[in-house]
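Colleague: Numbering (our numbering), first residue to last: 4 to 649. Positions of the beta carbon are idealized from the N, C-alpha and C atoms, including for glycine. The structure under discussion is supplied below as C-alpha cells; questions concerning it will follow.
What follows is the structure, given as C-alpha cells:
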C-alpha cells in the first residue's frame, strides 16, 4: 500500500511539472540576464530594493536581486501589470521610492506609492495619475493611430522643486498588415504607415505630498513636436555639467539621441554611437561602479548592458564597449520567439538544444549532464570557421515593419543529415519570403564546420514562402528509401511534400512538391493565399500515434488553437489528413492555455519540437515562443496521447 501511494504521489508530482520551464540544471551556472520579451516589461530600472547598499533591478514584474554582482530572479510581484514599463522615483517626497507604471496598449500612467520603509517596501493600490485622455488630448493634429506604449520618467523639468513626468510613447498601426516593400525607412515610414515616437511633458501642478499631472504637452524641438523613430524612452541628465537637464532618448532600432538643453531650449540631437543588443530599450543614468561618474544602463529585450563613463565630470566619455549583466539560477532563454530543436549536436549520446530566435542567430545549449538528467552550459552562438555568426535576416526592402525589422531574422533550426554524409546539417526557416536556407556541415559528426547558406530548391526552383514567413521546414525520410525528404509550407501556405531522389551524377535532388490534403480533398493549409501574415507555422513530422505513418504537428500563431495535431488517416504512399485537432492536457485544457497559466505573455505561435526528453519512452514536446523561454510538456500528460516508442 505504502509503495503504491508513493508511486501515485510521484506520478502526480511529475504530471504537475508539465508544462515547466527548462533550466540549466546545475546550480551556480551564470548566464546573461534573462527576461520575458514583452515590450515594456523587459525594460529594467536600477534600485536598491532591499536596502543592502547595492543596486538591484526592477523589471519583468519582478526584482532581480544583486548578489555579489550577479543577479538572481525573484518571484513575480503580483501588483505590477504585465508588459508595463516601470520607473522608480520618489513621487511624493517622503524619502521612499515609488513605482511609476506606464501602460501597455494604452497611454495611462499609474503610481504605486511606497508606504513601507527603507529596505522593506510596501505599496498602495495603484493610483491613476494620468488617464489615457490626458495624453490623447495633447497629440499633434492628424495623428490617427492611438499610442501603444507609455514609458514614464520623473524629473523636475521646470525647476520648481516638484517631480514632473516625461512620457515617451509610440503609436500603433491602424493599417496593419498591408504587405508591400517598406518605403522611406530613413523617415520611419513603413508598410504599416508612419511610426511616431513622441515625448510628452506633464508638469506637476499639485504639491510635494499630493502630485497632480492635469495636462500633457508635446515636447518641442524648433517649435514642432519632437518626434523620433518608434518606441522612445526619455531620461534626463546634466550631460555637460552646466546645471540644467539635458535629454537622452532611446528609440526603436536606432541609436540613442542626446538633446542638449540650451537655456530651456532643446538643441538639435546628437547621435550617441552606443550599440547594444535589442530593439526596444530605455536608459538609466546611474553611478554603477561608484567611481563618482555617472554611467549608462541600457535595458532591452536582449538583456541589460552597462556603459562605463571613463571621462570626467561635465565631459563624459563612453568607448562603446559594454558589460552585460549576468544572472544565476536562470531558465533556458533566447531573446524572443525561441525555436528549439532537441538534437544530439555533438554525437555524444545526449540531447542538446539548438535554439533559433527573432534576432536571426542560432544558439547552442550543450548538454553537459546526462541523457536523463540534462544540465546545460551557457549558450554559444553557432559560427562559421572565421568566427562570424550563422545568421538569417529579412529580405532587404521586404520588411513590412520597416527599419525595426532589419534586426530580425526569426531563425527556426532543425538539424538532420541532409546530404547523407554522416554528419548533421542545419535547415532553417526565416522571416523573409526568399525560402529555406541550408547550412551544410563540412566538418564531422562531433565537430561541425558550417558552410555559408544556400536556399533549398525543388524541381529546379526555389521553395518560396509567403507573408511573414517564420515557418520551420520538416525534414523526414517520408517513403523509407534512406533519403531525407521535406515537408514545408510554401507560397500560398500549402503544406507540400518534396520527395528526394539521386540523379545519375549522384546529386541529391528534391522533386517538385505535391500538396498534402485533408480527407475532404482540401489542401492542408491554415491561411488563405494572399493572407498578409499567415500562421507562421512551426512544422514537425512525426508518427505521433505510432501507427506506422507520418503525422503532422504544427504550432500556429495567435487567435488559433496554437498546438495542432493532424493525424494521417491514409498511408505514407497516399497520405490523407484528418481535420486539425487542438492538443490539450488530459483534463481538456488547451496546451496554449496551459502554457499561459505558467508564462503570462505566451503568445504568437508555439514553436514546438518532438523528443523523448525525459527518457521514459514517450514522445514529449519541447516548446519555445515569443517570450524567449523554452517549456517542456510531458508526453504522458498530452491528448491526443503519443504512442510509447518501442
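Starting from residue 104 and walking both ways along the beta strand (DSSP E), at which residues does that stretch end?
Modeller: Numbered from its first residue, the chain shown carries residue 104 at position 101. Here the beta strand (DSSP E) through residue 104 covers 101–105.
Colleague: With a 10 Å radius around its C-beta and 16 neighbouring C-beta atoms as the bar for buried, classify residue 161 as buried or exposed.
Modeller: Here residue 161 corresponds to residue number 158 of the chain shown, with the count starting at 1. When all chains shown are included, residue 161 counts as exposed.
Colleague: Whole angstroms is fine: what's the gap from residue 204's alpha carbon to residue 229's?
Modeller: What you label residue 204 is simply residue 201 of the chain shown in a count that begins at 1. What you label residue 229 is simply residue 226 of the chain shown in a count that begins at 1. Each residue's Cα considered, the two are about 11 Å apart.
Colleague: Which value, in whole angstroms, describes the spacing of the CA atoms of residue 272 and residue 233?
Modeller: As a first step, residue 272 is located in the chain shown; it is residue number 269 there, counting from the start. As a first step, residue 233 is located in the chain shown; it is residue number 230 there, counting from the start. Rounded to the nearest angstrom, the two C-alpha atoms are 16 Å apart.
Colleague: Which first and last residues belong to the alpha helix (DSSP H) in which residue 595 is found?
Modeller: Counting from one through the chain shown, the residue named residue 595 turns up at place 592. Run containing residue 595: 594–601, per the alpha helix (DSSP H) assignment.
Colleague: Spatial neighbours of residue 95 within its chain, please: CB distance less than 8 Å, with the 5 preceding and 5 following residues excluded, ordered by chain position.
Modeller: In the chain shown, residue 95 corresponds to position 92, counting from 1. Around residue 95: 101, 116, 211, 212, 213, 214.
Colleague: Closer than 7 Å by C-beta to residue 645: which residues in its own chain qualify, once you throw out the five before and the five after it? Chain order, please.
Modeller: Here residue 645 is taken as the residue at index 642 of the chain shown, counted from 1. Closer than 7 Å at the Cβ level, and outside the excluded window around residue 645, lie 547, 621, 622, 638.
Colleague: Reducing DSSP to helix, strand and coil, say where residue 279 ends up.
Modeller: Residue mapping note: residue 279 aligns to position 276 of the chain shown, counting from 1. Coil, per DSSP.
Colleague: What residue range does the beta strand (DSSP E) around residue 154 cover?
Modeller: In the chain shown, the residue the question calls residue 154 occupies position 151. Taken as a continuous stretch (DSSP letters only), the beta strand (DSSP E) holding residue 154 covers 150–158.
Colleague: Taking CB distances under 9 Å as the criterion, tell me whether residue 478 reaches chain C.
Modeller: Protein chains in the displayed structure number just one, and chain C is not present.
Colleague: Would residue 513 and residue 498 qualify as a contact pair, given that the criterion is a beta-carbon distance under 9 Å?
Modeller: Counted from its first residue, the chain shown places residue 513 at position 510. Counted from its first residue, the chain shown places residue 498 at position 495. It is not a contact, given that the beta carbons lie outside the stated cut-off.
Colleague: Bridge partners of residue 273, per DSSP?
Modeller: Numbered from 1 along the chain shown, position 270 holds the residue referred to as residue 273. Per DSSP, 261.
Colleague: In the DSSP assignment, the alpha helix (DSSP H) including residue 141 goes from what residue to what residue?
Modeller: Along the chain shown, one-based indexing puts residue 141 at 138. It spans 135–141 - the alpha helix (DSSP H) in which residue 141 sits, taken as one unbroken run.
Colleague: Identify every residue that forms a DSSP beta bridge with residue 416.
Modeller: The sequence position of residue 416 within the chain shown is 413, counting from 1. Per DSSP, 431.
Colleague: With burial defined as no fewer than 16 other Cβ atoms inside 10 Å of the residue's Cβ, what is the status of residue 136: buried or exposed?
Modeller: Residue mapping note: residue 136 aligns to position 133 of the chain shown, counting from 1. Classification of residue 136: exposed, given that the 10 Å Cβ count is below 16.
Colleague: In this structure, how does DSSP classify residue 286 when only helix, strand and coil are distinguished?
Modeller: As a first step, residue 286 is located in the chain shown; it is residue number 283 there, counting from the start. The answer is strand: DSSP assigns residue 286 an E or B state.
Colleague: Within its chain, find whatever has a CB closer than 6 Å to the CB of residue 190; leave out the 5 residues flanking it on each side and keep chain order.
Modeller: As a position in the chain shown, residue 190 is number 187, starting the count at 1. Caution is warranted here: a pLDDT of 34 is assigned to residue 190, below 50, making its placement in the model unreliable, and the coordinate value is therefore given only provisionally. Cβ neighbours of residue 190 beyond the five flanking positions: none.
Colleague: May I have the straight-line CA-CA distance separating residue 538 from residue 529, to the nearest angstrom?
Modeller: As a first step, residue 538 must be located in the chain shown, where it is residue number 535. As a first step, residue 529 must be located in the chain shown, where it is residue number 526. So the alpha carbons of these two residues sit roughly 6 Å apart.
Colleague: Have a look at 247, 256, 260 and flag the residue whose alpha-carbon is nearest the alpha-carbon of residue 267.
Modeller: Working through the chain shown from its first residue, we reach residue 267 at position 264. Checking every option, the nearest Cα to that of residue 267 belongs to 247.
Colleague: Below 9 Å between beta carbons: does that hold for residue 558 and residue 566?
Modeller: Numbered from 1 along the chain shown, position 555 holds the residue referred to as residue 558. Numbered from 1 along the chain shown, position 563 holds the residue referred to as residue 566. In contact: residue 558 and residue 566 (Cβ atoms closer than 9 Å).
Colleague: Just list the residues that DSSP pairs residue 326 with in beta bridges.
Modeller: Sequence index remark: in the chain shown, residue 326 carries index 323 (1-based). Per DSSP, 309.
Colleague: Would you list the one or two residues that DSSP bridges to residue 199?
Modeller: Walking along the chain shown from the start, residue 199 turns up at place 196. Per DSSP, 232.
Colleague: Please state the DSSP three-state secondary structure of residue 192.
Modeller: Translated into the one-based positions of the chain shown, residue 192 becomes position 189. Confidence is the limiting factor: at residue 192 the pLDDT is only 43, short of 50, which leaves the residue's position unreliable, though a coordinate-based value still follows. It is a strand residue.
Colleague: Near residue 66, which residues of its chain fall below 6 Å by C-beta distance, leaving aside the five closest residues on each side in sequence?
Modeller: As a position in the chain shown, residue 66 is number 63, starting the count at 1. So the qualifying residues of the chain are 52, 59, 77.
Colleague: Less than 9 Å between the C-beta atoms of residue 389 and residue 47, yes or no?
Modeller: Reading the chain shown from its first residue, position 386 is the one you call residue 389. Reading the chain shown from its first residue, position 44 is the one you call residue 47. No, Cβ-Cβ distance for residue 389 and residue 47 is not below 9 Å.
Colleague: Check whether the Cβ atoms of residue 32 and residue 333 sit closer than 9 Å, and answer yes or no.
Modeller: Your numbering for residue 32 matches position 29 in the chain shown. Your numbering for residue 333 matches position 330 in the chain shown. In this structure, residue 333 lies closer than 9 Å to residue 32 by Cβ.
Colleague: What's the C-alpha gap between residue 603 and residue 485?
Modeller: Counting from 1 along the chain shown, the entry for residue 603 is found at position 600. Counting from 1 along the chain shown, the entry for residue 485 is found at position 482. Spanning the two alpha carbons is a distance of roughly 43 Å.
Colleague: Let's see if you can read the secondary structure: which residues bound the beta strand (DSSP E) around residue 498?
Modeller: Reading the chain shown from its first residue, position 495 is the one you call residue 498. Element bounds for residue 498: 498–501.
Colleague: State the CB to CB distance for the pair residue 165 and residue 159, rounded to an integer number of angstroms; the pair is presumed to be in contact (CB under 8 Å).
Modeller: As a first step, residue 165 is located in the chain shown; it is residue number 162 there, counting from the start. As a first step, residue 159 is located in the chain shown; it is residue number 156 there, counting from the start. Yes, residue 165 and residue 159 are in contact; Cβ-Cβ is about 6 Å, under 8 Å.
Colleague: How long is the line joining the alpha carbons of residue 605 and residue 634, rounded to whole angstroms?
Modeller: On the chain shown, residue 605 is found 602 positions in, with the first residue counted as 1. On the chain shown, residue 634 is found 631 positions in, with the first residue counted as 1. Roughly 11 Å separates the two Cα atoms.
Colleague: Check whether the Cβ atoms of residue 578 and residue 511 sit closer than 9 Å, and answer yes or no.
Modeller: As a working note, residue 578 is residue 575 in the chain shown. As a working note, residue 511 is residue 508 in the chain shown. No, the pair does not count as a contact, with Cβ atoms beyond the cut-off.
Colleague: Considering Cα atoms alone, identify which of 533, 564, 573, 582 is closest to residue 525.
Modeller: Indexing the chain shown from 1 puts residue 525 at position 522. Ranking 533, 564, 573, 582 by Cα distance to residue 525 puts 582 first.
Colleague: Pop quiz: residue 154 and residue 324 are said to be a contact at Cβ under 8 Å. What is the actual Cβ separation, rounded to whole angstroms?
Modeller: For the purposes of this step, residue 154 is taken as the residue at position 151 of the chain shown. For the purposes of this step, residue 324 is taken as the residue at position 321 of the chain shown. About 26 Å; that fails the 8 Å criterion.
Colleague: DSSP three-state label for residue 495, please.
Modeller: As a first step, residue 495 must be located in the chain shown, where it is residue number 492. In the structure shown, residue 495 sits in a helix (DSSP, three-state: H, G or I).
Colleague: Find the nearest neighbour of residue 549 within the set 571, 244, 428, 250, judged by alpha-carbon distance.
Modeller: If you number the chain shown from 1, residue 549 lands on position 546. Among 571, 244, 428, 250, the Cα nearest to that of residue 549 belongs to 571.
Colleague: Would you check if the distance between the CB atom of residue 372 and the CB atom of residue 366 is smaller than 9 Å?
Modeller: To locate residue 372, count along the chain shown from 1; it is residue 369. To locate residue 366, count along the chain shown from 1; it is residue 363. In this structure, residue 366 does not lie closer than 9 Å to residue 372 by Cβ.
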